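Chemist: Chains as they are written, first to last, in numbering that gives the first Met the number 0: chain A, 0 to 254; chain B, 0 to 283; chain C, 0 to 392. Structure in structure tokens, see below.
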Amino acid sequence: MSRTVRWISYSAFFFLYLPVIVLIISSFNASRFGGAWEGFSLTWYQRLFHEPTIWNALTNSLIVAVYSSVLATILGLTSALSLHKYRSYLQKIHLGIILAPLVMPEILMGISLLFLFLAISVKLSLFTVFLAHTTFCISYITLLIKTRLESLENSIVEAARDLGASSWQVFWKITLPFLTPTLVAGWLLAFTLSLDDFVITFFVVGPGATTLPVYIYSMMKFGAPPLINALSTLILLFTAIITVIYYHIAEGDRS
Amino acid sequence: MRRIKEAMLTFPSFCWLFFFFIVPACLVYILAFKTADYTGKILPGWSLETFYSLFDSRSISLTIRTMWLSILTTGISIFIAVPLSYYMASCKKELQQKLLLSLMIPLWSSFLVRIFAWKVVLHPEGLVKTVLVFIGIIDEQTILLYNDIAIVIVMVYSYFPFAVLPLYSTASKFDFQLFEAAMDLGATKRKSFFSIYLPVIFPSILTASLMVLIPAAGAYVIPEIVGGNGAEMLGNTIVRRVFLDNNLPEASTLSLLLSVVVLIPAIVIATWKASHTSQIKGYS
Amino acid sequence: MAASIHFERVSKCFGSAMAADNVSFQVTGGSFFSILGPSGCGKTTLLRLVAGFDTPDQGRIFIDGQDVTHLPPHKRPVNTVFQNYALFPHLTVRENIAFGLRIARKDSSHIVREVDKMLELIQMEAHADKWPDQISGGQKQRVAIARALVNKPKVLLLDEPISALDLKLRQKMLLELDLIHDEVGITFLYITHDQTEAMAVSDQIAVLHRGKIEQVGRPCELYESPRSSFVAAFIGDTNFLDGTVDVSVEKDYSQLHIEDFPPVLCFNDKKLSPGELVHLSLRPEKLRISREKPADHPLHNALKGVVEDVVYQGDHTKYWVRIGGYRLGVTQQHGRFLLDTQQITWKDEVWVWWHADDSYILERYDASDEKLIEAPSEKVGENEENEESKCEE
Numbered sequence: 000m001s002r003t004v005r006w007i008s009y010s011a012f013f014f015l016y017l018p019v020i021v022l023i024i025s026s027f028n029a030s031r032f033g034g035a036w037e038g039f040s041l042t043w044y045q046r047l048f049h050e051p052t053i054w055n056a057l058t059n060s061l062i063v064a065v066y067s068s069v070l071a072t073i074l075g076l077t078s079a080l081s082l083h084k085y086r087s088y089l090q091k092i093h094l095g096i097i098l099a100p101l102v103m104p105e106i107l108m109g110i111s112l113l114f115l116f117l118a119i120s121v122k123l124s125l126f127t128v129f130l131a132h133t134t135f136c137i138s139y140i141t142l143l144i145k146t147r148l149e150s151l152e153n154s155i156v157e158a159a160r161d162l163g164a165s166s167w168q169v170f171w172k173i174t175l176p177f178l179t180p181t182l183v184a185g186w187l188l189a190f191t192l193s194l195d196d197f198v199i200t201f202f203v204v205g206p207g208a209t210t211l212p213v214y215i216y217s218m219m220k221f222g223a224p225p226l227i228n229a230l231s232t233l234i235l236l237f238t239a240i241i242t243v244i245y246y247h248i249a250e251g252d253r254s
Numbered sequence: 000m001r002r003i004k005e006a007m008l009t010f011p012s013f014c015w016l017f018f019f020f021i022v023p024a025c026l027v028y029i030l031a032f033k034t035a036d037y038t039g040k041i042l043p044g045w046s047l048e049t050f051y052s053l054f055d056s057r058s059i060s061l062t063i064r065t066m067w068l069s070i071l072t073t074g075i076s077i078f079i080a081v082p083l084s085y086y087m088a089s090c091k092k093e094l095q096q097k098l099l100l101s102l103m104i105p106l107w108s109s110f111l112v113r114i115f116a117w118k119v120v121l122h123p124e125g126l127v128k129t130v131l132v133f134i135g136i137i138d139e140q141t142i143l144l145y146n147d148i149a150i151v152i153v154m155v156y157s158y159f160p161f162a163v164l165p166l167y168s169t170a171s172k173f174d175f176q177l178f179e180a181a182m183d184l185g186a187t188k189r190k191s192f193f194s195i196y197l198p199v200i201f202p203s204i205l206t207a208s209l210m211v212l213i214p215a216a217g218a219y220v221i222p223e224i225v226g227g228n229g230a231e232m233l234g235n236t237i238v239r240r241v242f243l244d245n246n247l248p249e250a251s252t253l254s255l256l257l258s259v260v261v262l263i264p265a266i267v268i269a270t271w272k273a274s275h276t277s278q279i280k281g282y283s
Numbered sequence: 000m001a002a003s004i005h006f007e008r009v010s011k012c013f014g015s016a017m018a019a020d021n022v023s024f025q026v027t028g029g030s031f032f033s034i035l036g037p038s039g040c041g042k043t044t045l046l047r048l049v050a051g052f053d054t055p056d057q058g059r060i061f062i063d064g065q066d067v068t069h070l071p072p073h074k075r076p077v078n079t080v081f082q083n084y085a086l087f088p089h090l091t092v093r094e095n096i097a098f099g100l101r102i103a104r105k106d107s108s109h110i111v112r113e114v115d116k117m118l119e120l121i122q123m124e125a126h127a128d129k130w131p132d133q134i135s136g137g138q139k140q141r142v143a144i145a146r147a148l149v150n151k152p153k154v155l156l157l158d159e160p161i162s163a164l165d166l167k168l169r170q171k172m173l174l175e176l177d178l179i180h181d182e183v184g185i186t187f188l189y190i191t192h193d194q195t196e197a198m199a200v201s202d203q204i205a206v207l208h209r210g211k212i213e214q215v216g217r218p219c220e221l222y223e224s225p226r227s228s229f230v231a232a233f234i235g236d237t238n239f240l241d242g243t244v245d246v247s248v249e250k251d252y253s254q255l256h257i258e259d260f261p262p263v264l265c266f267n268d269k270k271l272s273p274g275e276l277v278h279l280s281l282r283p284e285k286l287r288i289s290r291e292k293p294a295d296h297p298l299h300n301a302l303k304g305v306v307e308d309v310v311y312q313g314d315h316t317k318y319w320v321r322i323g324g325y326r327l328g329v330t331q332q333h334g335r336f337l338l339d340t341q342q343i344t345w346k347d348e349v350w351v352w353w354h355a356d357d358s359y360i361l362e363r364y365d366a367s368d369e370k371l372i373e374a375p376s377e378k379v380g381e382n383e384e385n386e387e388s389k390c391e392e
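Here you go:
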């Protein structure tokens, strides 16, 4: 039986990485039509750097990602603290509201936000994208921090109180330092989720406020220029680095 | 005083989500009870007209198709995720961490990019097709792209890691000495896996299924990119109603339908878990 | 019917640590045999080798004459009671006990009968349909025992089964184990680090230290005639004095030279020659203490000292007496309580004496085992370096 288990596991990893590897290889394929191999080439990478629309989209994505991840982290922190500290009926509802977005398919969240902006006559723009991204990131960060808070021993807080610290001091000197790695990890998670989001963004993006995923999607829909391969490879590289960083922070947390 | 402090701390996230999540969701569900004219303008008055369209054959077959593809995807994902998470949990600590990282890297990289990668892989003149034809599994005429097979493959690919994460979390808390106890009592490794391991982690299998079922049911990008024409799921139909047909009420009704499709399994699983707490202590 | 166990030159390494080092011993069929040793020093490894969860690097293991060295666990006529019980959380008490029989595909009426018999033996009939997390630690342990015994194994292995219970419960469960053993009559192989446990129930004990067997024998043999310093120190309490063998006095006695002490007479069964460095082991209960000088006796050793610490324990008192460079522990049982006797107390000058037959000479122990016989500290923080046990699993 161990052999079957191992075989399935290795196949799963192979399956997971196969398209990625094919993609990376194709990005160096000189062929214009993405079919047969026609020699090694870096033309697509070169072309990438001369494509202003891509840079524009990337900038937009980064702006939104930075702002929404920071705001989401702050809101996630306050909600996690209140969920951890208080056990009232209010918190029960609060928890429900936090968990609900996690069981909802993205498309529903996208369409509902679109309707909201239409209803209150807010023009779709990068700002609406920012609002949307913040919204869906809060739940993840809240859970991340809440879990971490639960492993902060009560006795440490009580010892601090016993030694005369006020609530604010306890927060500042004990809770916050304890949470810092988690906050960074949560922020990184939100940042990545925001950079990568397509479905929700698609619903609430305005003209001229394209984010990178939306741009890639339009490229994908209308043919498959090899530029996408090169762009995708770069994105893969970037996210791989971020994931490793996130992982080291989160793992360092655990020890 | 405590109440005020609590309110202040809860206020920011509560209000934000209330305004940007609860209210919009209600808007959608309310709009399902209205109609629109051909320009897309919402007409005054309430009506159940959009609900009638749910019962025509196209909608029904669409719903069944979506559910079938989602359930199939979920089944295959669990089939992969259970042994994989078991394997990972039984490795040495350092290897476990490396494997987890290897799982997370593709997961964190761009969703779109990975779907696009499949488009390249399944390309009629691509490498995979060439190899498979060469081996003789399929013939030159078979198209791997733009059909239901492609949709399921890419959905499984995109969502099975979401099943692995909760299963791995449970597997790593599993007391492997239970295996030794079973073997001590005469069971082979295989029998122990089926009669001890699976029943004990069953609640986690349910959670993992939900982690796949929910995004799969609401899939939009995947059927759109690799499904081709005629390969519609609820997701892209909703998008079509909004952006092409300008028919927001119908889109709302379909959204309502999608919510129901997703909520029913979620509620069933939550109820099952609530009634079996003493068996599953710690293994959710 | 009762199966014997035979270890033949068994060795097992984990990385660079020798968990079992050329271990050989025999367990008589039907006996209650304990393997005793400090935490994590190889005894669980021996158990796992018998159960089949690990295979030895060298040597062979026989159960009832059959070579089981390479048999997988599910094929061995052995069942294990685990330290943390390992009850299946998704099965009831009854189903847990029935598990082994179901695997063996015994017919259902047989299973029902046997499980009911077991439930009666462990007195859990009322709890048969409960889940493992609804019963207490002691009850879990009984279920674990029943689950193992119902399969009628030739050997029952017990891995520190009562260490997770609190004191009073431990004592009760220990006696129950003894009763069960008498009822069932199969061979019990019991692993523990607690020497009082082992001595209370075992027919034979093997003392294990760093993967090696130090001594195998009946409890009284181990206590009264330990063959090494480790055994003397690990089992019961003792005082160790460093000395050199001086001269032979009569045929079985030698005189020892101990610094700051008058010459000490001791029974020399190991026939050590003059000049050898030894430890003199004195059990606290074998030492007498009083304010008046004892009468002279050719085989008595008497020394003068000062009481430094008094620890009252109800049924006995332990005195720590400073003699020369040593603090000797002396235990005095309280027989009759006489109102007019003045109890010995701090700073009293006392005589400590013992019979030469009550002490024994042992080879000097390893410096790293010193923590086993440490006296209570004289200063705050004195015993800090002795905290960590460096023994590996």
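Using N, Cα and C, we set each Cβ at its ideal position, and we do this for glycine too. Please read these numbers as outputs of a predicted model, since none were measured by experiment.
Between which two residues does the beta strand (DSSP E) carrying Cys-25/B extend?
Modeler: The residue given as residue 25/B occupies position 26 in the second sequence. Per DSSP, Cys-25/B belongs to no beta strand (DSSP E); it is in the alpha helix (DSSP H), 22-30.
Chemist: Since Met-335/B and Thr-65/B should fall inside the 8 Å C-beta cutoff, what is the C-beta to C-beta distance between them, to a whole number of angstroms?
Modeler: Examination of residue 335/B is not possible in this model, given that chain B is present from 0 through 283 alone.
Chemist: Excluding the 5 residues flanking Asn-95/C on each side, which residues of the same chain have their C-beta closer than 8 Å to its C-beta?
Modeler: Start at 1 with the first residue of the third sequence, and residue 95/C comes out as number 96. Result list for Asn-95/C: Leu-86, Phe-87, Pro-131, Val-142 and Arg-146, in chain order.
Chemist: May I ask you to list the residues that DSSP assigns as paired with Cys-12/C?
Modeler: As a working mapping, residue 12/C is identified with position 13 in the third sequence. Per DSSP, Met-17/C.
Chemist: Taking all protein chains shown into account, decide if Cys-90/B is buried (16 or more other Cβ within 10 angstroms of its Cβ) or exposed.
Modeler: Along the second sequence, one-based indexing puts residue 90/B at 91. The residue in question, Cys-90/B, is exposed, as its Cβ has fewer than 16 Cβ neighbours within 10 Å.
Chemist: What does Ile-62/C reach in chain B if we use C-beta pairs closer than 7 Å?
Modeler: In the third sequence, counting from the first residue as 1, residue 62/C sits at position 63. Ordered by position in chain B, no residue passes the 7 Å Cβ test against Ile-62/C, which lies about 14 Å from the chain.
Chemist: For my contact list, Ser-56/B and Tyr-158/B are in at a C-beta cut-off of 8 Å; report their separation, rounded to the angstrom.
Modeler: Looking up residue 56/B in the second sequence gives position 57. Looking up residue 158/B in the second sequence gives position 159. About 29 Å separates the two Cβ atoms, so there is no contact after all.
Chemist: Would you say Val-119/B lies against chain A (beta-carbon separation less than 7 Å)?
Modeler: For the purposes of this step, residue 119/B is taken as the residue at position 120 of the second sequence. So, interface residue.
Chemist: By alpha-carbon positions, which one of Leu-182/A, Thr-200/A and Pro-100/A ends up nearest to Gly-251/A?
Modeler: If you number the first sequence from 1, residue 251/A lands on position 252. Nearest option by C-alpha distance: Leu-182/A.
Chemist: Do you know how far the Cα of Pro-160/B is from the Cα of Ala-239/A?
Modeler: The residue labelled residue 239/A in the question sits at position 240 within the first sequence. The residue labelled residue 160/B in the question sits at position 161 within the second sequence. Roughly 16 Å between the two C-alpha positions.
Chemist: Look at the alpha carbon of Leu-271/C and the alpha carbon of Gln-341/C, and state the distance between them as a whole number of angstroms.
Modeler: For the purposes of this step, residue 271/C is identified with residue 272 of the third sequence, where counting begins at 1. For the purposes of this step, residue 341/C is identified with residue 342 of the third sequence, where counting begins at 1. Their backbone Cα atoms lie some 42 Å apart in a straight line.
Chemist: Could you spell out where the alpha helix (DSSP H) holding Lys-190/B opens and where it closes?
Modeler: One-based indexing of the second sequence puts residue 190/B at position 191. Where Lys-190/B is concerned, the enclosing alpha helix (DSSP H) stretches over 188-191.
Chemist: If the criterion is Cβ atoms closer than 7 Å, does the pair Tyr-318/C and Ile-288/C meet it?
Modeler: Here residue 318/C is taken as the residue at index 319 of the third sequence, counted from 1. Here residue 288/C is taken as the residue at index 289 of the third sequence, counted from 1. Yes, the Cβ-Cβ distance between Tyr-318/C and Ile-288/C is below 7 Å.
Chemist: What would DSSP say about Arg-59/C, mapped onto helix, strand or coil?
Modeler: Sequence index remark: in the third sequence, residue 59/C carries index 60 (1-based). Strand, per DSSP.
Chemist: What do you get for Glu-386/C, buried or exposed, if any count of 16 or more other CB atoms within 10 angstroms of its CB means buried?
Modeler: Mapped onto the third sequence, residue 386/C falls at position 387. With a pLDDT of 42 at Glu-386/C, under the threshold of 50, the modelled position of that residue is not reliable, and no figure is offered here.
Chemist: Taking the alpha helix (DSSP H) that Asn-153/A falls in, what are its first and last residues?
Modeler: Numbered from its first residue, the first sequence carries residue 153/A at position 154. Segment 153-161, the alpha helix (DSSP H) holding Asn-153/A.
Chemist: Grouping DSSP H, G and I as helix and E and B as strand, with all else coil, what is His-354/C?
Modeler: Here residue 354/C corresponds to residue number 355 of the third sequence, with the count starting at 1. Strand.
Chemist: Among residues of its own chain, excluding the 5 on either side of Val-204/A, which ones have a beta-carbon nearer than 7 Å to its beta-carbon?
Modeler: One-based indexing of the first sequence puts residue 204/A at position 205. The residues are Leu-123, Val-128, Thr-210 and Val-213.
Chemist: Does the Cβ-Cβ distance between Ile-257/C and Leu-276/C come in under 7 Å?
Modeler: Residue numbering aside, residue 257/C sits at position 258 when the third sequence is read from its first letter. Residue numbering aside, residue 276/C sits at position 277 when the third sequence is read from its first letter. No; because the gap between Cβ atoms is not below 7 Å, this pair is not in contact.
Chemist: Based on Cα-Cα distance, which residue from Val-92/C, Arg-363/C and Gln-122/C lies nearest to Asp-128/C?
Modeler: Here residue 128/C is taken as the residue at index 129 of the third sequence, counted from 1. For the residues Val-92/C, Arg-363/C and Gln-122/C, the minimum Cα distance to Asp-128/C belongs to Val-92/C.
Chemist: Apart from the five residues just before and just after Asp-236/C, which ones in its own chain have a Cβ nearer than 6 Å to its Cβ?
Modeler: Counting from 1 along the third sequence, the entry for residue 236/C is found at position 237. Same-chain partners within the cutoff: Pro-283.
Chemist: Considering only DSSP beta bridges, list what Val-215/C is partnered with.
Modeler: Position 216 of the third sequence, counting from 1, holds the residue named residue 215/C. Ala-205/C.
Chemist: In terms of residue numbering, what span does the alpha helix (DSSP H) encompassing Leu-337/C cover?
Modeler: Sequence index remark: in the third sequence, residue 337/C carries index 338 (1-based). Taken as a continuous stretch (DSSP letters only), Leu-337/C belongs to no alpha helix (DSSP H), as it is neither H nor E.
Chemist: Residue range of the beta strand (DSSP E) that Ile-322/C falls in?
Modeler: To locate residue 322/C, count along the third sequence from 1; it is residue 323. Residues 315-322.
Chemist: Report the option in Thr-79/C, Gly-28/C and Leu-90/C whose CA atom is closest to the CA atom of Phe-61/C.
Modeler: Locating residue 61/C in the third sequence gives position 62, where the first residue counts as 1. Minimum Cα distance to Phe-61/C is reached at Gly-28/C.
Chemist: At which residue ranges does the stretch 255-309 of chain C contain complete beta strand (DSSP E) runs of 3 or more residues, listed in the order of the chain?
Modeler: You should have 263-266, 276-281 and 287-289.
Chemist: Identify every residue that forms a DSSP beta bridge with Thr-325/C.
Modeler: Position 326 of the third sequence, counted from the first residue, corresponds to residue 325/C. Checking the displayed sequence, the identity of residue 325/C turns out to be Tyr instead of Thr. Tyr-325/C is bridged to Ile-322/C.
Chemist: Identify the contact partners of Lys-190/B in chain C, using a Cβ-Cβ distance below 9 Å as the criterion.
Modeler: Along the second sequence, one-based indexing puts residue 190/B at 191. Residues of chain C passing the Cβ test: His-73 and Ile-102.
Chemist: Just the chain B side, please: which residues come within less than 8 Å of Thr-79/C by C-beta, in chain order?
Modeler: Translated into positions along the third sequence, residue 79/C becomes position 80. Going along chain B in sequence order, the residues near Thr-79/C (Cβ under 8 Å) are Glu-179, Ala-180 and Asp-183.
Chemist: Does the beta-carbon of Thr-58/A have 16 or more other beta-carbons within 10 angstroms, so that it is buried, or is it exposed?
Modeler: Sequence index remark: in the first sequence, residue 58/A carries index 59 (1-based). Result: exposed.
Chemist: Opposite Asn-95/C in the DSSP bridges: which residues?
Modeler: The residue labelled residue 95/C in the question sits at position 96 within the third sequence. Answer is none; Asn-95/C lacks a bridge partner.
Chemist: What does a CB cutoff of less than 6 Å around Ile-119/A pick up in its chain, not counting 5 residues either side in sequence?
Modeler: By 1-based counting over the first sequence, the position of residue 119/A is 120. Cβ neighbours of Ile-119/A beyond the five flanking positions: none.
Chemist: Which residue from Lys-145/A, Ala-64/A, Ile-92/A and Phe-237/A puts its Cα closest to that of Thr-134/A?
Modeler: As a position in the first sequence, residue 134/A is number 135, starting the count at 1. Nearest C-alpha to Thr-134/A: Ala-64/A.
Chemist: Since Gln-176/B meets chain C, which of its residues come closer than 8 Å, beta carbon to beta carbon?
Modeler: For the purposes of this step, residue 176/B is taken as the residue at position 177 of the second sequence. Ordered by position in chain C, the residues that pass the 8 Å Cβ test against Gln-176/B are Phe-81, Asn-83 and Ala-85.
Chemist: Taking the beta strand (DSSP E) that Asn-238/C falls in, what are its first and last residues?
Modeler: Counted from its first residue, the third sequence places residue 238/C at position 239. Unbroken beta strand (DSSP E) run through Asn-238/C: 238-247.
Chemist: Could you check whether the Cβ of Glu-391/C sits closer than 7 Å to any Cβ belonging to chain B?
Modeler: Residue 391/C sits at position 392 when you count from the first residue of the third sequence. Confidence in Glu-391/C is poor, its pLDDT being 33 and thus under 50, which makes the residue's placement too unreliable to answer from.
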